[in-house]
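Chemist:
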Amino acid sequence: MIASKFGIGQQVRHRLSGVLGVIVDVDPEYSLEEPKLEEVGAAEKLRAAPWYHVVMEDEDGEQVHTYVAEIQLSGETSFEHPEQPSMDELAASIRQQLQAPRLRH
Numbered sequence: 001m002i003a004s005k006f007g008i009g010q011q012v013r014h015r016l017s018g019v020l021g022v023i024v025d026v027d028p029e030y031s032l033e034e035p036k037l038e039e040v041g042a043a044e045k046l047r048a049a050p051w052y053h054v055v056m057e058d059e060d061g062e063q064v065h066t067y068v069a070e071i072q073l074s075g076e077t078s079f080e081h082p083e084q085p086s087m088d089e090l091a092a093s094i095r096q097q098l099q100a101p102r103l104r105h
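Going by full-length UniProt numbering, the first residue of the sequence shown is number 1, and it counts up by one from there.
1. Measure from the C-beta of valine 68 to each C-beta in chain C and report whether the shortest distance is under 8 Å.
2. What would DSSP say about serine 74, mapped onto helix, strand or coil?
3. For the beta strand (DSSP E) containing glutamine 11, list its first residue and its last residue.
4. Going by alpha carbons, who is nearest to phenylalanine 76 out of Val19, Ser4, Arg47?
5. Within the same chain, show all residues whose beta-carbon is closer than 8 Å to that of glutamine 10, passing over the 5 residues directly before and after it, in chain order.
6. Count the other C-beta atoms from every protein chain shown that fall within 10 angstroms of the C-beta of proline 82, then say buried if there are 16 or more, exposed otherwise.
7. May I ask you to list the residues that DSSP assigns as paired with leucine 46?
8. To the nearest angstrom, how far is the alpha carbon of arginine 95 from that of glutamate 44?
9. Is it buried or exposed, valine 64, if we count other Cβ atoms within 10 angstroms and call 16 or more buried?
10. Name the one or two DSSP bridge partners that histidine 53 has.
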């Protein structure tokens, strides 16, 4: 079993770019069919490490979905980011949905 460092709804930063993002899903290992891991330029040992579906904002403030290896992310300690309030709102919304009980009919 592979343990992930980050969880759904958690805010993270990309280590190289410093861009703030929110985890929306976690894969225990690289699982995209396209592009192939070799095409991404990632080392083979990264295949066995967790990969994350992360929503970030581009330079125009539009939300974009990215797929990032765990080694490329660092945890974000602050919950408030006046420069990117939409990321704070997204993280809070996801956390609230995860905590809310689901009713079955």
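Where is the CB? At the ideal position from N, CA and C, for every residue including glycine.
Since we're looking at a predicted model, the values are computed, not measured.
Modeler: Once the coordinates are examined:
1. No chain C appears in the structure shown, which is made up of a single protein chain.
2. Residue state for serine 74 is assigned as strand, using DSSP reduced to three classes.
3. First-last of the beta strand (DSSP E) with glutamine 11: 11 to 14.
4. According to the sequence shown, residue 76 is glutamate rather than phenylalanine. Nearest option by C-alpha distance: Val19.
5. Cβ neighbours of glutamine 10 beyond the five flanking positions: Val22, Ile23, Gly75, Glu76, Ala91.
6. Proline 82 comes out exposed.
7. Partner(s): none; leucine 46 has no beta bridge.
8. Between arginine 95 and glutamate 44, the alpha-carbon positions lie close to 32 Å from each other.
9. Valine 64 comes out exposed.
10. Beta-bridge partners assigned by DSSP to histidine 53: Asp25, Tyr67.
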